[in-house]
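Asker: Supplied in structure tokens, the structure appears directly below.
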Amino acid sequence: MKCQEDYISDLIEIRESPGKGRGYFAKQDIPKNTLVVVSKAIVMIYADQHTPNDAKLIEKQLKQNRKTFSQQHLAAFDAMYGGPDQKKDLFTKFNYNSFRAHQRLDVQYIPALQVKTPDVGLFTVLSYFNHSCVPNTTKYFIKDQAFIMTTENITKDSELFVSYAANEQNYFNLAGRTSGLKNYFQLCDCPLCALQQTETYTVLQLKLDEHLKFVRSPVKNDVEEVQLMCLKFLDLQKEILELNNELLVLDGEIEAAEYYFERLNSSKPAYIEQLIDIVAYGFNKNVKSFLKPESFYVLNKLRCLKQMHMDQKAFLEEFKQYETDRFGSADHIDTRYAKWLKKWTV
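Written as structure tokens, this is what we have:
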């Protein structure tokens, strides 16, 4: 899909958002997986263009683009947020309104080592979306175009949110996520940030931290110790599921699951399938749609199944259905993930 002008669905409109300025709201009920915005960057800095002189490059691009973009585009740029001090200079506006354009979806689930330096773009239409760590839309990019799609059914008059923090190294680390958001505001009042400051969450995270300390130890633990700790780890999963909170995701749970899987897969314990699921999905199977694993982790599960010589067919079908639900088709799987499918499937 290629467009020269921005596309904004008739299903949404800009309204005043209490405490947040303006934002996009649903004019009527919007189904899950609805494309609501396609926007072309007014300025785009690609990964291989980053230099200490980014400010000059941005200024040069904008000067060139002013000749081709519509007056509506340019007026939207001129009205952009300039930070707490409302500075009007170009670099400040870029700093507060740009998006890191990873060429894939749901990047909060990609480990830092899997993410290269991203492209960065300034999109006038996207700048009206307010932030939530629990967004009801997902954004993805193809070159200098951004696409916004709903990830759940949105009721009339509800606000649509994107996550400004989706590219942080560890999305579920509250301190890290908060630090990444300081460029936009000091405090986030979303449900996930509120949950992570409760006593219930803190107690569960401390239990997981015990496992992280164990798996990160430079001393190689013997198999009996690993088995005992793994059983405690699975008990923690039961605690989380019993709370029936779809936002309850702990910081570091997949790292611990990976360790237990790698140490125990040769002995093939009865609970190996549970471990594989945690490696792929994390503890909480009821997470909101935006927290469901990016395809990297789906492929990671295929890797585990292959390593254990377990059947992959049913899970591949589940993966195709997941992608079909999001995009209306799964045709892209064989090309987009060809390298990994060849490596991790039988």
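Start counting the sequence shown at 1; every next residue gets the next number (UniProt numbering).
The beta-carbon is built from N, C-alpha and C at its ideal position, and this holds for glycine as well.
#1: In the structure shown, what three-state DSSP assignment does S163 receive?
#2: Give every residue of the same chain whose Cβ lies closer than 7 Å to the Cβ of L113, excluding the five residues on either side of it in the sequence, and list them in chain order.
#3: Can you tell me whether E177 is buried or exposed, with buried defined as 16 or more other CB within 10 angstroms of its CB?
#4: Looking at the structure shown, is H102 part of a helix, part of a strand, or coil, going by DSSP?
#5: Suppose the cutoff is 6 Å on Cβ atoms and the five residues either side in sequence are ignored; what does the same chain contact list for K339 look like?
#6: What residues are listed by DSSP as bridge partners for K40?
#7: Which partner residues does N130 have in the DSSP bridge list?
#8: Helix, strand or coil for R177, going by three-state DSSP, please let me know.
#9: Looking at the structure shown, is T117 part of a helix, part of a strand, or coil, going by DSSP?
#10: Based on DSSP bridge pairs, tell me the residues matched to R15.
#11: Is the CB-CB distance between N300 and A280 below 8 Å?
#12: Buried or exposed for S39, going by 16 or more other Cβ atoms inside 10 Å?
#13: Quick test of the definition: if touching needs 3 or more C-beta pairs under 8 Å, does the region 145-156 touch the region 178-185?
#14: Among T200, I142, S132, which has the Cα closest to the Cα of P191?
#15: Can you tell me whether V107 is helix, strand or coil according to DSSP?
#16: Are I278 and I254 close, meaning C-beta to C-beta below 8 Å?
#17: For I30, which beta-bridge partners are listed by DSSP?
#18: Quick check on the burial criterion: 16 or more other C-beta atoms within 10 angstroms. Buried or exposed for D251?
#19: Does the distance between the C-beta of E253 and the nearest non-hydrogen atom of the ligand GTP fall short of 7 Å?
#20: Nearest to Y171 by alpha carbon, out of G282, Y322, P218, K306?
#21: By how many angstroms is the C-alpha of S9 removed from the C-alpha of F206?
#22: Residues bridged to L241 by DSSP?
Answerer: By the coordinates alone:
#1: coil
#2: Reliability fails at L113, whose pLDDT of 35 lies under 50, so the model's placement of it is uncertain and the value that follows must be treated cautiously. Cβ within range, chain order: n/a, list empty.
#3: Going by the sequence as given, residue 177 is Arg instead of Glu. That one is buried.
#4: Residue placement at H102 is flagged as unreliable, the pLDDT there being 46, under the threshold of 50; the coordinate-derived value follows with that caveat. Note: H102 maps to coil in three-state DSSP.
#5: none
#6: Q145
#7: F161
#8: helix
#9: Reliability of the predicted coordinates at T117 is poor, the pLDDT of 48 falling under 50, and no value is obtained from them.
#10: G23
#11: yes
#12: buried
#13: no
#14: S132
#15: With a pLDDT of 41 at V107, under the threshold of 50, the predicted position of this residue should be treated as unreliable, and no value is reported.
#16: yes
#17: I154
#18: buried
#19: Although the ligand GTP was asked about, the structure shown includes no ligands whatsoever.
#20: G282
#21: The question names Phe, but residue 206 is Leu in the sequence shown. Approximately 44 Å, taken between the alpha carbons.
#22: Answer is none; L241 lacks a bridge partner.
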